[in-house]
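Right, one structure below, let's go through it.
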Amino acid sequence: MQATATEVRRALDRHNAERHVRVLGPAPAPLARLRGEHRVQILLKSRSRPRLRTLVEMALTDASHTPGCDAGSVNVEIDPISLM
0 MQATATEVRR
10 ALDRHNAERH
20 VRVLGPAPAP
30 LARLRGEHRV
40 QILLKSRSRP
50 RLRTLVEMAL
60 TDASHTPGCD
70 AGSVNVEIDP
80 ISLM
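Heads up: the sequence shown runs through residues 0 to 83, numbered per numbering that gives the first Met the number 0.
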């Protein structure tokens with residue numbers, strides 16, 4: 000779980016060289032364990048939804064090719080009502 004979060008963060012940083020998107024985390028989620036699963040959050044902030052979408056797609060594709068990274072376990076929430 001932590002290895003996947005770290006690799007996703009690295010992939011986000013690689014594809015966000017111009018820093019158009021703010022990347023915060025990974026950090027333990029407020030409910031760090033839910034239904035027996037550990038959770039970590041990475042928060043992304045951008046004024047451009049298309050740029051954000053492209054960054055997430057590229058980073059998850061990139062991270063999924065890394066051995067030991069379970070990018071399939073990543074959930075993406077757009078405009079979450081709560082960060083819980």
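Every residue, glycine too, gets a C-beta built ideally from N, C-alpha and C.
Remember, predicted model here, so these are calculated numbers, not experimental data.
Query                                                                                  : Result
Pick from T3, Q1, A10 and A4 that is closest to E56, judged by C-alpha positions       : A10
Length of the line joining the Cα atoms of R13 and R34                                 : 32 Å
Whole alpha helix (DSSP H) elements within the region 0-82, 4-residue minimum          : 1-14 and 48-63
From I80, C68 and I41, residue whose alpha carbon lies closest to that of G24          : I41
Alpha-carbon to alpha-carbon, R46 and P66                                              : 33 Å
Same chain, Cβ closer than 8 Å to S72, neighbours up to 5 away in sequence not counted : M0 and T3
H19 versus R50: straight-line alpha-carbon distance, rounded                           : 8 Å
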